[in-house]
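Below is one structure; the comments refer to it alone.
Residue numbers (my numbering), protein chains in the order written: chain A, 211 to 324; chain B, 61 to 173.
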């Protein structure tokens, strides 16, 4: 079965530090890739997505992600985090051969200390 | 900016009772989804719905679950006879025709006692 894994369950860092969250998915042919963020008490919001084209995609709030097809990875990065980036981050993959559903990673809770 | 809304935000029910979770998708969207997240586990797909019928469903979506679009705006998930293991956060999502991004609601936290 297709699966998505996120390497870190919890990340704690200080403001201005750089952030990189790993996401890998199982082989499954053509994929659409997403990162969602859930701020405390709020709903899942789309940060960025990749469907095709330039493998480096930029999203909202200074986030970017790089699709590396050979590694089945879609890692999320932000060069300098702020306290307001404290949230849970979810990688999600649409394995096109399996329809429209999203398969989620386990999420990474990020705590940014002021 | 239009958003997906869900009601109630929290629901507590007794085992064996029926619950209906409600969602109002974004108004011009045509594809609707339910996902759930049991505490400490991954968000899991339950079902997708298009053109007034189920288009995909997971193994989790057994006979105790049903979905309906009773009118032009609501999309509901019914659990006929709740079990303890149905306790979870239930998320509704919607997407537009030709648009592969799903937009999520805030979730309903269901607790079955």
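C-beta atoms are modelled at their ideal positions from N, C-alpha and C, and glycine is treated no differently. These numbers come from a predicted model, not from an experiment.
Q.
Would you say residue 161 of chain B lies against chain A (beta-carbon separation less than 8 Å)?
A. Counting from 1 along the second chain, the entry for residue 161 of chain B is found at position 101. So, interface residue.
Q: State buried or exposed for residue 297 of chain A, treating a residue as buried only when at least 16 other CB atoms are found within 10 Å of its CB.
A: Looking up residue 297 of chain A in the first chain gives position 87. Its Cβ being crowded by 16 or more others within 10 Å, residue 297 of chain A is buried.
Q. Which residues in the same chain as residue 292 of chain A place their Cβ atom closer than 7 Å to its Cβ, once the five residues preceding and following it in sequence are excluded?
A. If you number the first chain from 1, residue 292 of chain A lands on position 82. Closer than 7 Å at Cβ, skipping near neighbours: 225 and 322.
Q.
According to DSSP, simplified to helix, strand and coil, what is residue 270 of chain A?
A. As a working mapping, residue 270 of chain A is identified with position 60 in the first chain. Residue 270 of chain A: helix per DSSP, three-state reduction.
Q: Flag residue 165 of chain B as yes if its beta-carbon sits less than 8 Å from any beta-carbon of chain A, otherwise no.
A: Looking up residue 165 of chain B in the second chain gives position 105. Yes, residue 165 of chain B counts as interfacial toward chain A.
Q. Residues of chain B with a CB under 9 Å from the CB of residue 252 of chain A: which are they?
A. Numbered from its first residue, the first chain carries residue 252 of chain A at position 42. Those within 9 Å of residue 252 of chain A in chain B are 166.
Q) To the nearest angstrom, how far is it from the Cα of residue 159 of chain B to the Cα of residue 248 of chain A? A) Counting from one through the second chain, the residue named residue 159 of chain B turns up at place 99. Counting from one through the first chain, the residue named residue 248 of chain A turns up at place 38. Those two C-alpha atoms are separated by around 22 Å.
Q: Could you name the residues that DSSP lists as bridge partners for residue 92 of chain B?
A: The sequence position of residue 92 of chain B within the second chain is 32, counting from 1. Answer is B/109 and B/154, bridged to residue 92 of chain B.
(Q) Taking CB distances under 8 Å as the criterion, tell me whether residue 116 of chain B reaches chain A. (A) In the second chain, counting from the first residue as 1, residue 116 of chain B sits at position 56. Closer than 8 Å: yes.
Q: Just the C-alpha distance for residue 123 of chain B and residue 235 of chain A, rounded to the nearest angstrom, thanks.
A: Walking along the second chain from the start, residue 123 of chain B turns up at place 63. Walking along the first chain from the start, residue 235 of chain A turns up at place 25. Each residue's Cα considered, the two are about 30 Å apart.
Q.
What residue range does the beta strand (DSSP E) around residue 125 of chain B cover?
A. If you number the second chain from 1, residue 125 of chain B lands on position 65. First-last of the beta strand (DSSP E) with residue 125 of chain B: 125–128.
Q: Can you give me the Cβ contacts of residue 288 of chain A inside the same chain, cut-off strictly under 6 Å, excluding the 5 residues immediately before and after it?
A: Start at 1 with the first residue of the first chain, and residue 288 of chain A comes out as number 78. Taken in chain order, the residues that qualify are 229, 272 and 273.
**Q.** Beta-carbon separation (whole angstroms), residue 84 of chain B vs residue 173 of chain B, contact threshold 8 Å
**A.** On the second chain, position 24 is the one that residue 84 of chain B refers to. On the second chain, position 113 is the one that residue 173 of chain B refers to. Not quite, the Cβ-Cβ distance comes to about 27 Å (not below 8 Å), so this is no contact.
Q) Are the C-beta atoms of residue 154 of chain B and some chain A residue less than 8 Å apart? A) Here residue 154 of chain B corresponds to residue number 94 of the second chain, with the count starting at 1. So, not an interface residue.
Q. What do you get for residue 101 of chain B, buried or exposed, if any count of 16 or more other CB atoms within 10 angstroms of its CB means buried?
A. Mapped onto the second chain, residue 101 of chain B falls at position 41. Exposed, because fewer than 16 other Cβ atoms sit within 10 Å of the Cβ of residue 101 of chain B.
Q) Taking C-alpha atoms, which residue in B/120, B/65 and B/69 lies nearest to residue 168 of chain B? A) Mapped onto the second chain, residue 168 of chain B falls at position 108. Checking every option, the nearest Cα to that of residue 168 of chain B belongs to B/69.
Q) Where are the beta strand (DSSP E) runs, 3 residues long or more, that stay fully inside the region 273–309 of chain A, in chain order? A) 274–278, 283–288 and 297–305
Q. In this structure, what does DSSP give as the bridge partners for residue 224 of chain A?
A. Indexing the first chain from 1 puts residue 224 of chain A at position 14. Residue 224 of chain A is bridged to A/323.
Q | Status (buried if at least 16 other CB within 10 Å, exposed otherwise) for residue 253 of chain A | A | Here residue 253 of chain A refers to the residue found at position 43 when the first chain is read from its first residue. Its Cβ being crowded by 16 or more others within 10 Å, residue 253 of chain A is buried.
Q. Cβ of residue 103 of chain B less than 8 Å from any chain A Cβ?
A. By one-based count along the second chain, residue 103 of chain B stands at place 43. By this cut-off, residue 103 of chain B is an interface position.
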